[in-house]
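**Student:** Residue numbers (UniProt numbering): 1 to 379.
Don't be surprised by glycine CBs; every beta carbon is placed ideally from N, CA and C.
Model, not experiment: these values are computed from the prediction.
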Amino acid sequence: MTTKGPDGMYPPYQTPQPYQVPSLHQPVAPYETPRVRRRAPLLLLLPTLLFAVLFFGGSYLLAPEADVRVQPDPGVASVDGRDVLLVPYERHGARGMFQLMARDMFQVRLAALDAASGDVRWDTQLSDELVWQASVLASGQRYTYLATDGGLVVLDLADGSTVAEGDGVEGLGDAFVAARWAYRYDPDNRRVVVMNGHGGVLTIALDTAAATPADPRTAATWAGVLSERALPTTPPGPVTAADVPDGRVELRPRPGGAPGHVLVRTGPGGGPEPVGDVVFHGAGLVVDGTAAAGFPTGHVLVVHSRDLNDRERSISAVSLATGRVTGSVPIDSTTFSRATARGDGTAAVGVGSAVVLLTPDGRLTARPVGTTDLFGNAS
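(1) Looking at C-alpha atoms only, which residue of N377, A242, P236 is the closest neighbour of H350?
(2) Whole angstroms is fine: what's the gap from P232's alpha carbon to T372's?
(3) Would you mind working out which of D156, A134, A339, A210 sits nearest E90, comparing C-alpha positions?
(4) Throw me the rounded Cβ distance for the V355 and L85 pair, which I believe falls under 8 Å.
(5) Checking contacts by CB at 8 Å: is L263 closer than that to chain C?
(6) Touch check for the stretch 165-174 and the stretch 199-217: three-plus C-beta pairs under 8 Å?
(7) Just how far apart, CA to CA, sit H281 and A178?
(8) Could you work out which residue in V244, P245, V239 is closest to residue 380 when comparing CA atoms only?
(9) For W122, list the residues DSSP reports as bridge partners.
(10) Quick one: is S316 buried, meaning 16 or more other Cβ sit within 10 Å of its Cβ, or exposed?
(11) With H, G and I counted as helix, E and B as strand and the rest as coil, what does DSSP make of G257?
(12) Mind checking A116: buried by the 16 CB within 10 Å criterion, or exposed?
(13) Quick check: what's the CA-CA separation for A241 versus E273?
(14) Once DSSP output is grouped into helix, strand and coil, what is the label at P360?
(15) Taking only the alpha-carbon atoms, compute the straight-line gap between V244 and T322 and give it to the nearest angstrom.
(16) Which residues share a DSSP beta bridge with M105?
(17) Would you kindly work out how many angstroms separate the C-alpha atoms of T221 and V108, rounded to a whole number?
(18) Between the Cα of V70 and those of A158, L157, A52, I331, spot the shortest distance and give me the residue it belongs to.
(19) In this structure, does DSSP put residue 401 in helix, strand or coil?
(20) Within a Cβ cutoff of 7 Å, which residues of the same chain sit near D186, ignoring the five residues on either side of it in sequence?
(21) Quick check on the DSSP output: the beta strand (DSSP E) that includes P88 runs from which residue to which?
(22) Going straight from the alpha carbon of A293 to that of V369, what length do you get?
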């Protein structure tokens with residue numbers, strides 16, 4: 001029952017309204033402050049990120065390059081129709097803190113360099129030992145074979161991956177010999193000759209990774225050549241005389257006792273003839289075995305001081321026809337690898353941390369080996 005109000009009147013009639021469910025998202029009242037999205041975690045990470053950039057990047061920029069040296073026995077192969085230089089080298093040290101933490105301090109690696117462009121096709125680590133050597137024995141169409149201080153290593157020429165090594169070589173197993181001198185290449189029969197730990201001689205045909213017992217004649221021929229002990233070898237380096245077609249080429253003192261040496265060529269039954277009039281100081285010839293490196297292209301390679309009183313060294317290509325210097329590059333080391341030759345006569349020799357390439361037209365280029373990026377990847 002409706003009651004009267006204070007004025008004695010009944011209140012006006014009001015239509016009943018339906019009940020409304022209150023909204024879950026109430027509007028912000030005018031006196032409330034909008035909530036601010038917190039950025040504290042990001043701000044806390046910023047100093048850490050800045051420190052990491054300065055720590056790793058700064059240490060890389062300030063640190064010197066690692067010590068890189070090409071080992072004595074490189075090789076040549078053909079990959080996808082292009083000539084490739086196979087260069088074993090040792091890398092000691094690390095550049096920057098990331099490499100120091102994530103990479104081996106001592107590495108022996110094999111780099112495959114495009115002979116024309118100098119680009120690195122692949123670069124693979126062989127060992128983390130301080131003293132360890134690898135020699136390129138031979139290469140087929142698919143595989144390359146290395147004689148190392150850890151035994152035989154077979155790599156895929158396409159990407160440098162390991163096909164077999166040490167006791168993983170089929171036919172050798174636990175009888176493998178961890179010495180470079182137990183492995184040789186037989187070029188006449190295109191096969192690698194191996195001695196196992198029992199003194200047996202086995203052979204591995206190119207582009208295979210399985211050793212099979214050699215026939216008696218082969219075993220008798222190679223038994224005295226293979227060994228589990230170090231054999232005496234002459235380290236590669238410049239010499240004063242070398243063989244060329246139909247004679248020899250020599251570096252002889254200048255007439256009259258003047259400083260320096262000049263090139264002369266001696267033919268069969270003839271006296272020495274000067275090869276140009278260029279004077280070289282502290283000079284030597286680069287050889288491939290006993291032959292002058294580069295002679296198939298009509299050139300020889302001479303290592304020499306840049307001047308009489310200059311300690312800096314260079315390697316120069318000299319034309320046997322004209323005696324002119326056709327190319328020259330500075331070198332930073334007195335250690336050399338053995339020279340290798342491609343099918344067109346082009347010669348390559350490792351000097352310190354680079355490979356010097358002589359092209360058929362007499363040009364010389366130096367290809368650096370063992371350069372890396374911040375993370376230690378070959379570049």
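**Tutor:** Walking through what the data contain:
(1) One point to set straight first is that residue 350 is Gly, not His, in the sequence displayed. The candidate whose alpha carbon is nearest that of G350 is P236.
(2) 35 Å
(3) A134
(4) 6 Å
(5) No chain C appears in the structure shown, which is made up of a single protein chain.
(6) yes
(7) 43 Å
(8) Given that the chain is displayed from residue 1 to residue 379, the structure contains no residue 380 and the question cannot be resolved.
(9) A112
(10) buried
(11) helix
(12) exposed
(13) 14 Å
(14) coil
(15) 16 Å
(16) Per DSSP, none; premise fails for M105.
(17) 32 Å
(18) I331
(19) Only positions 1 to 379 of the chain appear in the structure, and residue 401 is not among them; the question remains open.
(20) V193
(21) 82-92
(22) 21 Å
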